[in-house]
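As structure tokens, the structure follows; a few thoughts come after it.
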Amino acid sequence: MYEYTAKDYKKGQPRWCPGCGDHFFLASLHKAMAEIGKAPWENAVISGIGCSSRLPYYMNTYAMQTIHGRAAAISTGAKVANPNLTVWQISGDGDGLAIGGNHFIHAIRRNIDLNMILLNNRIYGLTKGQYSPTSPRGFVSKSSPYGTVEDPFHPAELCFGARGHFFARAVATDAPGTVEILKAAMAHKGASVCEILQNCVIFNNGTHDSVAKKEDRAKNAIYLKHGEPMLFGENNEYGLMQEGFGLKVVKLGENGITEKDILIHDAHCMDNTLQLKLALMEGPDFPIALGVIRDVEAPTYDDAVHEQIEEVSAKKKYHNFEELLMTNDTWEVK
């Protein structure tokens, strides 16, 4: 069996700004695909419009940049038409959650077997620095010179609200963490939403600084792993406990608290109450949750479509369009 490497999935010369988070993610995607081991022609990478949506040009797979906000719709068509394809949908926070917001939530609701990658830098980059649906309240940009007066979307909240069955998060500069969630998304059958926190060095530099560097992630982020205690800190000296209907950060050793008191992460729990609380944690009071936050099984749209086609076809005189055309008398017109 041929052993693929990251080079097998590379194509072209990326044309992003030096230091752009897209470079980091692209390298991680190449590496993840190699570790997954599916042939390049078994993958399709489909995007919308935006800086991050140039990514298909740099993939030696089936790849297509489509139109603004429609990556989910076209990815749906590709997956339903060819269920053997592994489809990677690439969108930025503007492309995916503004003009593409409806397609985003409905693809999740239908549970189509797509790997839905949301590259979130909290800004419109290609159009030169307008605030996006994930920009924080008060954010100053070219389209909000005095600060935005609206609250942002939380991608996790949209995913969970659409009854999503898989949500994971990574930082673009953390290659091992990004590769890990991409492989988990591929293994999950259904809509797999991966939020990638990344930087825009030109229009929103430092937007994820609290977790961009490895030394800062230890204290400002928590890596969630199914079945393991929710610990974080340079020496895992902090943990999460339940407090009423919420969460609280505790320090091991204080007030008699031990590791046995710390919550255990259950990514496979069908009830998403605790998973959503974890996904919505923000600094400075809480660490940002990274890793696979939710991963539960459910029937998929694409499987249901093909099962329905087979069931209905079996009851029909003609099982497909070709049989209808070629059965009984035919004429050739010259």
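Start counting the sequence shown at 3; every next residue gets the next number (the numbering used here). No residue lacks a Cβ here, since even glycine has one placed at the ideal position from N, Cα and C. Just so we're clear, the structure is a prediction, and the values are computed from it rather than from any experiment.
In the DSSP annotation of this structure, the continuous segment of the beta strand (DSSP E) that includes S49 starts and ends at 45-49. Judged by their CB atoms, G71 and I101 are nearer to each other than the 7 Å cut-off. Contact between the segment 287-298 and the segment 266-276 is present: 3 or more CB-CB pairs across the two stretches fall below 8 Å.
Counting other Cβ atoms within 10 Å of its Cβ, I224 reaches 16 or more and is therefore classed as buried.
Under the 10 Å beta carbon count, K216 is surrounded by fewer than 16 other beta carbons and is classified as exposed.
By the Cβ neighbour-count rule, Q244 is exposed, with fewer than 16 other Cβ atoms within 10 Å of its own.
C-alpha of M66 to C-alpha of I110: approximately 21 Å in a straight line. By the Cβ neighbour-count rule, K250 is exposed, with fewer than 16 other Cβ atoms within 10 Å of its own.
Per the coordinates, the alpha-carbon of A306 lies some 25 Å from the alpha-carbon of G98. The alpha carbon of T302 has as its nearest neighbour, out of M232, G192, H308, the alpha carbon of G192. If you look at L242, you'll find it in the beta strand (DSSP E) that goes 240-245. S137 is the residue among S137, A75, N45 whose C-alpha sits nearest the C-alpha of G96.
Around the beta carbon of R17, fewer than 16 other beta carbons lie within 10 angstroms, which makes this residue exposed. If you look at T78, you'll find it in the alpha helix (DSSP H) that goes 73-83.
Taking 8 Å as the upper bound for CB-CB distance, F162 and P135 are not in contact here, some 16 Å apart. Residue pairing by DSSP places W18 opposite no residue, since no beta bridge is assigned to it.
If you look at S194, you'll find it in the beta strand (DSSP E) that goes 194-199. Judged by DSSP secondary structure, Q67 falls within the beta strand (DSSP E) whose first and last residues are 64-67. Distance from the CA of I311 to the CA of K317, rounded to the nearest whole angstrom, comes to 10 Å.
Per DSSP, K33 lies in no beta strand (DSSP E); the unbroken alpha helix (DSSP H) holding it starts and ends at 23-38. Residue range 177-189 is occupied by the alpha helix (DSSP H) that includes A177.
Contact annotation: C196 and G127 have beta-carbon atoms that are not nearer than 7 Å. DSSP places G98 within a helical segment (H, G or I) once states are collapsed to three. Partner residues in the beta bridge of N206, as assigned by DSSP, are C202. Linking M61 to V335 through their CA atoms gives a straight-line distance of about 44 Å.
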